[in-house]
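Just below is one structure, and these are the notes that go with it.
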Amino acid sequence: MEVVTFGESMVLFSSDKNLPLEYVHQFNKQMAGAESNVAIGLAKLGHRVGWFSKLGEDPFGRYLLHQIRGYGIDTSRCRHTGDAPTGVYFKEQRSHGKTQVYYYRRHSAASMMHPDELDEAYLAGFKILHITGITPALSPDCLALTRKAVGSAKKLGLKIVFDPNVRWKLWDSEKAAKEILLELAGSADYILPGLDEGELLTGCTQPEDIASALLKPGVAGVVVKLGSKGAYFQSEQHSGYMAPFPAEEVDPVGAGDAFAAGFISGLLQGETLEQAVCRASAMGAIAVSVNGDVEGLPNEAELLRMIHGDQD
Ligand code: KDG
Numbered sequence: 013m014e015v016v017t018f019g020e021s022m023v024l025f026s027s028d029k030n031l032p033l034e035y036v037h038q039f040n041k042q043m044a045g046a047e048s049n050v051a052i053g054l055a056k057l058g059h060r061v062g063w064f065s066k067l068g069e070d071p072f073g074r075y076l077l078h079q080i081r082g083y084g085i086d087t088s089r090c091r092h093t094g095d096a097p098t099g100v101y102f103k104e105q106r107s108h109g110k111t112q113v114y115y116y117r118r119h120s121a122a123s124m125m126h127p128d129e130l131d132e133a134y135l136a137g138f139k140i141l142h143i144t145g146i147t148p149a150l151s152p153d154c155l156a157l158t159r160k161a162v163g164s165a166k167k168l169g170l171k172i173v174f175d176p177n178v179r180w181k182l183w184d185s186e187k188a189a190k191e192i193l194l195e196l197a198g199s200a201d202y203i204l205p206g207l208d209e210g211e212l213l214t215g216c217t218q219p220e221d222i223a224s225a226l227l228k229p230g231v232a233g234v235v236v237k238l239g240s241k242g243a244y245f246q247s248e249q250h251s252g253y254m255a256p257f258p259a260e261e262v263d264p265v266g267a268g269d270a271f272a273a274g275f276i277s278g279l280l281q282g283e284t285l286e287q288a289v290c291r292a293s294a295m296g297a298i299a300v301s302v303n304g305d306v307e308g309l310p311n312e313a314e315l316l317r318m319i320h321g322d323q324d
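Next comes the structure, spelled out in structure tokens:
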């Protein structure tokens with residue numbers, strides 16, 4: 013197996029209409045969750061992936077499990093509970109492509125994941141652990157689980173890819189978010205912040221300064237995502253800007269997860285940091301052109317067409 017990730021997946025209800033949610037009468041049902049998005053992105057590219065979480069014993073939990081398993085992802089370590097529901101969230105379309113999210117995930121099944129449930133022997137079968145800053149914000153137990161998974165991955169020699177994924181609605185304070193996210197960043201091999209996230213973590217505003225501040229000993233590379241402006245990458249040996257791929261933006265949510273999946277896929281194929289960032293940027297550009305978190309994720313052939321510029 014190649015990549016393992018864990019976190020909360022949710023059912024997403026969205027509307028096609030540009031309306032405040034109180035006026036929406038019909039919703040589309042889709043799946044979401046940063047970590048399962050990354051898992052699906054990697055699986056669609058042909059990688060062997062494991063994902064785990066805790067799902068409610070309810071129709072939404074069954075829906076998510078069927079979806080994720082349907083992509084060929086190993087869900088054998090996913091747990092279930094009848095004591096809490098599967099989380100859901102609603103997405104409101106605002107003008108100019110802006111969206112607002114409303115979570116119904118407090119005390120959800122996933123927030124009840126516990127460090128004692130981590131199967132360390134299972135982690136040993138992987139090369140890369142992907143973590144986000146969402147899981148540690150779900151509950152103290154989820155924070156402890158994340159720390160334990162990081163400790164095990166280090167002991168077992170897995171590379172750690174960390175996407176801060178700051179979700180303000182989940183954190184009690186900026187101080188708590190910053191402390192915990194910096195701790196996780198410091199134990200990662202690769203860190204993938206957005207520009208705003210980099211600013212929160214380092215107090216710097218320029219991609220070069222953010223990357224330098226995060227590139228502590230033990231960190232192999234930092235990639236600052238700049239949205240429609242591309243990305244900046246830095247390691248001890250190399251640094252540079254990656255120009256953006258052309259993209260017709262329909263739905264930016266999930267672009268960062270597509271980016272992470274592309275980046276990890278590049279690492280697995282032995283690419284250089286720059287090549288992996290190129291793959292990541294192409295993934296992000298493809299994903300934003302389709303509504304939904306996972307619907308736009310490409311297969312390897314589509315991704316290569318984007319990278320080599322031979323779009324049909
Ligand atoms: O990155 C996309 C995620 O934000 C979305 O799928 C929902 O996981 C989610 C979250 O916690 O916001």
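All residue numbers for the sequence shown refer to the numbering used here, where the first residue is 13 and numbers rise by one. Glycine residues also receive a C-beta, built at the ideal position from the N, C-alpha and C atoms. Nothing here was measured: the structure is a model prediction, and the numbers come from that model.
Rounded to the nearest angstrom, the Cβ distance from ALA133 to LEU67 is 22 Å, too far for a contact under 8 Å. Of LYS241, ASP28, GLY239, ALA197, the smallest CA-CA separation from ALA223 is found for ALA197. Note that the region 60 to 78 touches the region 87 to 96; at least 3 beta-carbon pairs, one per stretch, sit closer than 8 Å. A heavy atom of the ligand KDG is found nearer than 7 Å to the CB of VAL265. About 4 Å separates the beta carbon of TYR83 from that of ALA55, a gap short enough to meet the 8 Å contact definition. For MET318, the enclosing alpha helix (DSSP H) stretches over residues 312 to 320. Distances between the C-beta of ARG179 and the heavy atoms of the ligand KDG include at least one below 7 Å. Burial check for ASP128: the Cβ neighbour count within 10 Å stays below 16, so the residue is exposed.
At the C-beta level, LEU135 and LEU170 come within 8 Å of one another.
The Cβ atoms of LEU212 and VAL178 lie closer than 8 Å to each other. In this structure the region 101 to 114 does not touch the region 232 to 246; the number of beta carbon pairs closer than 8 Å is below three. If only uninterrupted alpha helix (DSSP H) runs of at least 4 residues are considered, those enclosed by the region 254 to 295 are 267 to 280.
DSSP, reduced to helix, strand and coil, places THR217 outside both helices and strands of the structure shown, so it counts as coil. It is roughly 16 Å from the alpha-carbon of GLY252 to the alpha-carbon of TYR202. Among the bridge pairs identified by DSSP, LYS56 is matched with none.
The region 13 to 27 makes contact with the region 134 to 148; the number of CB pairs closer than 8 Å reaches 3 or more. In terms of Cβ geometry, ASN303 and ASP263 form a close pair [threshold 8 Å]. The shortest C-alpha to C-alpha distance from PRO258 to any of GLY268, LYS241, GLY274 is the one to LYS241. Residue range 71 to 82 is occupied by the alpha helix (DSSP H) that includes TYR75, with no beta strand (DSSP E) assigned at that position.
Secondary structure note for LYS190: it is in no beta strand (DSSP E), and the uninterrupted alpha helix (DSSP H) holding it is 186 to 198. In this model, TYR115 and PHE102 are separated by some 7 Å (Cα to Cα). A residue is called buried when at least 16 other Cβ atoms come within 10 angstroms of its Cβ; PRO32 does not meet this threshold and is exposed.
DSSP places ARG91 in the strand class (E or B) of the three-state scheme. Proximity to SER26 across SER48, VAL100, ARG60, GLU14 peaks at VAL100, based on C-alpha coordinates. Remark: the C-beta of ALA44 is in contact range of the ligand KDG, defined as less than 7 Å to any heavy atom. Under DSSP, the beta-bridge partners assigned to VAL113 are LYS103.
For ILE80, the distance from the CB to the nearest heavy atom of the ligand KDG is not below 7 Å. Distance from the C-beta of GLY268 to the nearest heavy atom of the ligand KDG is below 7 Å.
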